[in-house]
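Engineer: The sequence shown begins at 1 in the UniProt record's numbering and counts up by one.
Glycine included, C-beta positions come from ideal geometry on N, C-alpha and C.
I'd like to ask you about the structure that follows.
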Amino acid sequence: MKNLKKKDIFLHLIFFVAGSCVSLSIYIHIEPCVIKHVEPATQMVAPIVLAAREQKICARKNDTMLTLKKICMDDIYNYVDGRSPVSYPAHGLYVMPLRAVLIKGLRIEWFIPRRGTQEEKVEFRAEKGVFTTLCNYENVYIEGKETKRMTIRTNSPSLLNLQLQDIVYRNTEFDTNIFEKVLLRYLEFNITIPIHIQHRQVPWLYRKGTVEERVTVIVKTFLRYHKAKSAIYSIKRLYPNTRIIIADDTPPTNFTNLQGINMDHFRMPGFTGYFAGRNLGLSQVWTEYFLYMDDDLYFTNGTRLDVLVSFLDKTNFHLVSGAAEGKKRHVHTLRVLGNGTYSCHRKEQRHYQEIKGFPGCFVADLVPNFFLGSTHEVKSIGFDPHPALSRVGHYAFFLSALGRIRIAFCTTVEFGHNKTTTEADAAYRSFRYVGPEYYKMRGHHELFKYNFAC
């Protein structure tokens with residue numbers, strides 16, 4: 001038990017307002033504080049608060065093991081009344097499901113002067129949990145402990161603020177990821193304190209190694225084996241130990257086996273489609289990063305995988321592309337205009353700002369089909385295997401990724417475009433460049449999927 005001596009303080013302030021001298025006397029009365037007892041919650045809250053701080057991973061750790069990068073965003077709108085005398089945590093309070101957290105930062109900053117003894121009252125309300133306290137103070141009366149509604153009453157402003165330092169919220173309704181809106185009422189002021197209830201997210205770790213050990217190359221091919229072989233040769237010339245995955249939906253009558261050392265050739269049902277092949281290839285990647293390329297692209301001496309890997313290692317970006325030879329600015333931005341009921345999208349051939357510390361690297365929304373991606377993050381988006389995207393669908397992935405991952409491109413890394421033609425290219429074009437019925441189906445699919453009106 002600890003006691004604070006009663007203390008009276010009398011202040012006399014003199015200041016100037018609009019050229020006039022104003023005198024103000026303030027009398028402060030501090031009541032004695034006696035802690036009656038400490039609840040068992042003390043032992044429970046301390047480690048829980050620490051765990052809550054650690055559970056959201058937003059950046060890579062510079063260690064022998066790498067953790068996932070997550071986009072941190074505000075998930076709830078919270079209006080703060082500038083007139084309010086209440087200080088409180090407006091954002092950043094986390095608790096694991098069915099656990100407890102101390103609501104730090106609660107304080108009444110100023111009290112309205114009133115004659116005589118006046119009771120101070122603070123009310124708490126919750127929907128998905130209950131309230132308790134770490135300790136109780138003498139002359140502070142608490143109603144509704146361990147319930148969804150708790151009220152604190154006292155005649156002493158100083159004791160009220162002491163008690164507010166020990167308010168604990170405990171979640172009682174399990175949810176893996178949701179917000180609780182704790183309501184606090186003091187006088188006519190209503191405060192909302194958002195508490196993020198979230199399971200602790202375990203990291204996906206990848207061991208560091210050479211670039212060849214950390215990157216898997218995915219090539220989607222269809223009929224054009226001469227170009228696929230050229231792409232494979234260019235990869236093995238510069239990075240001979242890198243694993244290559246070939247996803248191939250060539251029909252059986254034209255199929256050629258490309259299986260080899262450090263190369264897995266997956267044969268798909270014929271004409272399965274472009275994005276289905278990307279998904280198949282990505283599903284077989286176990287390395288931290290993957291590089292996707294079409295079969296008509298190839299590595300040049302300017303294809304520096306180490307530069308792309310270093311870029312993702314050192315930034316919070318999830319996907320980065322190189323630039324095609326002779327097309328240094330072949331990238332786009334995507335804008336979704338309108339609201340949730342009526343919206344359209346716009347594609348423009350440009351980019352955003354240059355990335356600080358990486359000359360020649362820029363932020364973008366849509367980049368060429370030669371990109372290095374963070375495996376886990378891109379898997380969480382995937383490639384839509386719908387028939388509407390079986391022939392044409394490059395920018396559909398980037399629409400799905402919009403606002404979910406960070407995308408960049410670097411002009412300092414190049415790749416080549418194989419424009420040689422054979423009879424296989426003519427057969428390929430007959431499937432690749434389809435008629436108006438396909439584009440009509442694709443348009444309807446995208447309008448529905450993304451809730452676009454145009």
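Cutting at 6 Å between CB atoms, please list the residues of its own chain near Tyr239, excluding the five before and the five after it.
Structural biologist: The residues are Glu212.
Engineer: Can the beta-carbon of Phe275 be found closer than 8 Å to that of Gly393?
Structural biologist: Contact flag set, yes.
Engineer: Terminal residues of the continuous beta strand (DSSP E) containing Ala323?
Structural biologist: Its beta strand (DSSP E) spans residues Leu319 to Ala324.
Engineer: Taking the alpha-carbon positions, what's the His29 to Glu143 distance?
Structural biologist: Caution applies to His29, whose pLDDT of 39 falls short of 50 and renders its modelled position unreliable; the model cannot decide the point.
Engineer: Looking at Glu123: is its Cβ nearer than 8 Å to the Cβ of Thr151?
Structural biologist: Yes.
Engineer: Please report the straight-line C-alpha distance between Leu447 and Phe111, rounded to a whole angstrom.
Structural biologist: Their backbone Cα atoms lie some 56 Å apart in a straight line.
Engineer: If I measure Cβ to Cβ from Leu164 and keep anything under 8 Å in the same chain, skipping five residues before and after, which residues do I get?
Structural biologist: Here the set comprises Leu106, Arg107, Ile108, Val122 and Ile152.
Engineer: If the criterion is Cβ atoms closer than 8 Å, does the pair residue 488 and Ser321 meet it?
Structural biologist: A question about residue 488 goes unanswered here, because the residues of the chain that appear run from 1 up to 454.
Engineer: Can you round the beta-carbon distance between Val285 and Thr375 to whole angstroms, since I take them to be within the 8 Å contact cut?
Structural biologist: Confirmed, about 5 Å.
Engineer: Can you tell me where the beta strand (DSSP E) holding Pro203 begins and where it ends?
Structural biologist: First-last for Pro203: undefined, no H or E at that position.
Engineer: Give the single residue among Lys181, Val140 and Tyr169 whose Cα lies nearest to the Cα of Asn161.
Structural biologist: Nearest of Lys181, Val140 and Tyr169 to Asn161, Cα basis: Val140.
Engineer: With burial defined as no fewer than 16 other Cβ atoms inside 10 Å of the residue's Cβ, what is the status of Lys36: buried or exposed?
Structural biologist: For Lys36, the predicted structure reports a pLDDT of 45, less than 50, and the residue's modelled location is therefore unreliable. A value from the coordinates is still provided. Exposed is the call here.
Engineer: Scan the stretch 131-187 and note each continuous beta strand (DSSP E) run of 3 residues or more that stays entirely inside, going in chain order.
Structural biologist: Within the stretch 131-187, the complete beta strand (DSSP E) runs of at least 3 residues are 135-137, 140-143, 149-154, 167-171 and 177-186.
Engineer: Given that a residue counts as buried once 16 or more other Cβ atoms are within 10 Å of its Cβ, and exposed if not, what is Phe174?
Structural biologist: Under this definition Phe174 is an exposed residue.
Engineer: On a CA-only basis, which of Gly360, Thr303 and His444 is nearest Ala408? Give me that one, please.
Structural biologist: Ala408 has its Cα closest to that of Gly360, out of Gly360, Thr303 and His444.
Engineer: Of all the options Asp294, Leu334 and Thr253, which has the alpha carbon lying nearest to the alpha carbon of Pro269?
Structural biologist: For the residues Asp294, Leu334 and Thr253, the minimum Cα distance to Pro269 belongs to Thr253.
Engineer: In whole angstroms, what is the alpha-carbon distance linking Thr210 and His445?
Structural biologist: Approximately 42 Å, taken between the alpha carbons.
Engineer: Does the contact criterion of 3 or more C-beta pairs under 8 Å hold for the stretch 293-304 versus the stretch 412-423?
Structural biologist: Touching, yes, given that three or more Cβ pairs across the two stretches are closer than 8 Å.
Engineer: Gly273 and Pro385 - do their beta-carbons sit closer together than 8 Å?
Structural biologist: Yes, these two residues count as a Cβ contact at 8 Å.
Engineer: Return helix, strand or coil for Phe448, following the three-state DSSP convention.
Structural biologist: Of the three classes helix, strand and coil, the one that applies to Phe448 here is helix, per DSSP.
Engineer: The beta strand (DSSP E) spanning Ile232 covers which residue range?
Structural biologist: That residue, Ile232, is in no beta strand (DSSP E); its alpha helix (DSSP H) goes Tyr225 to Leu238.
Engineer: Inspect the CB distances between the stretch 248-263 and the stretch 334-344 and report whether three or more fall short of 8 Å.
Structural biologist: The stretch 248-263, when compared against the stretch 334-344, does not touch it at the 8 Å Cβ threshold.
Engineer: Is Ile405 near the ligand NAP, judged by its Cβ being under 7 Å from some heavy atom?
Structural biologist: Looking for the ligand NAP in the displayed structure turns up nothing, as the structure carries no ligands at all.
Engineer: How long is the line joining the alpha carbons of Leu291 and Thr192, rounded to whole angstroms?
Structural biologist: Cα to Cα, the separation comes out at about 45 Å.
Engineer: Between which two residues does the beta strand (DSSP E) harbouring Tyr88 extend?
Structural biologist: Note, Tyr88: premise wrong, no beta strand (DSSP E); not H, not E.
Engineer: With Val413 as the anchor, note down where its beta strand (DSSP E) starts and where it stops.
Structural biologist: First-last of the beta strand (DSSP E) with Val413: Ile407 to His417.
Engineer: Near Met441, what residues of its chain come up, given a Cβ to Cβ distance below 7 Å and the 5 sequence neighbours on each side ignored?
Structural biologist: Counting only Cβ-Cβ distances below 7 Å, and skipping sequence neighbours, we find Ala388.
Engineer: Who are the Cβ neighbours of Cys454 in its own chain at under 7 Å, not counting the five residues just before and after it?
Structural biologist: Cys344.
Engineer: Could you give the first and the last residue of the continuous beta strand (DSSP E) run that contains Ser380?
Structural biologist: From DSSP, Ser380 is part of no beta strand (DSSP E); its letter is neither H nor E.
Engineer: Measure the C-alpha to C-alpha separation of Cys410 and Phe362 and round it to an integer number of angstroms.
Structural biologist: Rounded to the nearest angstrom, the two C-alpha atoms are 6 Å apart.
Engineer: When we look at the beta-carbon of Tyr428 and count the other beta-carbons within 10 Å, is it buried (16 or more) or exposed?
Structural biologist: It is buried - the Cβ of Tyr428 has at least 16 other Cβ atoms within 10 Å.
Engineer: When you compare the CB positions of Ile355 and Thr315, do they come within less than 8 Å of one another, or not?
Structural biologist: In contact: Ile355 and Thr315 (Cβ atoms closer than 8 Å).
Engineer: Would you kindly check if the distance between the Cβ of Leu305 and the Cβ of Ile405 is under 8 Å?
Structural biologist: Against a cut-off of 8 Å, the Cβ pair of Leu305 and Ile405 comes out as no contact.
Engineer: When the Cα of Thr221 is compared with those of Arg278, Glu180 and Val101, which residue comes out closest?
Structural biologist: Nearest of Arg278, Glu180 and Val101 to Thr221, Cα basis: Arg278.
Engineer: What is the DSSP secondary structure of Gly373, reduced to helix, strand or coil?
Structural biologist: Three-state result, Gly373: strand.
Engineer: Quick one: what's got a C-beta closer than 6 Å to Arg224's C-beta in the same chain, skipping five residues either side?
Structural biologist: Hits under 6 Å: Asp295, Ala424 and Tyr428.
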